[in-house]
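Colleague: I am attaching a structure below and will ask some questions about it afterwards.
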Amino acid sequence: MAGGVRRAPERERGAAAVEFALVVPLLLVLVFGIISYGYMLSFRQSISQAAAEGARAAALAPPTVSDRAPIAFAAIQSVLGVPCNSGYLSCVAAPDSACGCIDVTVSWDYAGDPSKPKLVYDFALPATLSYTASSTLGS
1 MAGGVRRAPE
11 RERGAAAVEF
21 ALVVPLLLVL
31 VFGIISYGYM
41 LSFRQSISQA
51 AAEGARAAAL
61 APPTVSDRAP
71 IAFAAIQSVL
81 GVPCNSGYLS
91 CVAAPDSACG
101 CIDVTVSWDY
111 AGDPSKPKLV
121 YDFALPATLS
131 YTASSTLGS
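Just so you know, we're using full-length UniProt numbering here: the sequence shown kicks off at 1 and counts up by one.
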């Protein structure tokens, strides 16, 4: 009988279900790992944007302002929606007299953040997300 449909032998019945059961957990771990890492990278980008905005705002402050840190912190809060140095967010704004610039560092305790999903492989993600931006002070 040429071109006929061939039946699978009886001993191979259910093999596809077993293969599916072996592959799906690995596939799910891979997919959720990619999603978690993408979420972390997106959050890291927000941290870097906040630090850059804080440095820019502090650099553009009038020269009569002696303490530019509150200006930087207000800009960071406007980007992230969270006040500096509260909860999981810490901010540092320090002028560098050697280069005439201000360095703004924003750090987030990513491991302790309750807003992110807790997954089995969180050990592969960084515990703290931190970014430093520097901007030349206006005169």
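Beta carbons are placed, not taken as given, at the ideal position from N, Cα and C, and that holds for glycine. In this text the structure is predicted, and so the values were computed from the model without any measurement.
With a floor of 4 residues, list each alpha helix (DSSP H) that falls wholly inside the region 30 to 92, ordered by position along the chain.
Modeller: Complete alpha helix (DSSP H) runs here, min 4: 69 to 80.
Colleague: Give the C-beta separation of residue 73 and residue 101 to the nearest angstrom, bearing in mind that I take them to be a contact with Cβ-Cβ under 8 Å.
Modeller: Not really, about 17 Å apart at Cβ, beyond 8 Å.
Colleague: By the 10 Å Cβ neighbour count, where 16 or more other Cβ atoms means buried, how is residue 104 classified, buried or exposed?
Modeller: Residue 104 should be labelled buried.
Colleague: Does the Cβ of residue 121 have 16 or more other Cβ atoms within 10 Å, making it buried, or fewer, making it exposed?
Modeller: Classification of residue 121: exposed, given that the 10 Å Cβ count is below 16.
Colleague: Assuming residue 47 contacts residue 58 (C-beta within less than 8 Å), just tell me the rounded distance between them.
Modeller: That belief does not hold up - the Cβ atoms of residue 47 and residue 58 are roughly 17 Å apart, past 8 Å.
Colleague: Go to residue 129, then tell me how far its beta strand (DSSP E) extends in each direction, as first and last residue.
Modeller: Residue 129 -> beta strand (DSSP E) spans 128 to 136.
Colleague: Among 96, 21, 44, 82, which residue has its Cα nearest to the Cα of residue 67?
Modeller: Measuring from the Cα of residue 67, the nearest candidate turns out to be 96.
Colleague: Mind checking which residues open and close the beta strand (DSSP E) that includes residue 101?
Modeller: 101 to 109 is the extent of the beta strand (DSSP E) around residue 101.
Colleague: Alpha carbon to alpha carbon, how far is residue 43 from residue 13? Give it in angstroms, no decimals.
Modeller: Whole-angstrom Cα-Cα distance: 47 Å.
Colleague: Does DSSP put residue 95 in a helix, in a strand, or in coil?
Modeller: Looking at residue 95 - three-state DSSP - the assignment turns out to be strand.
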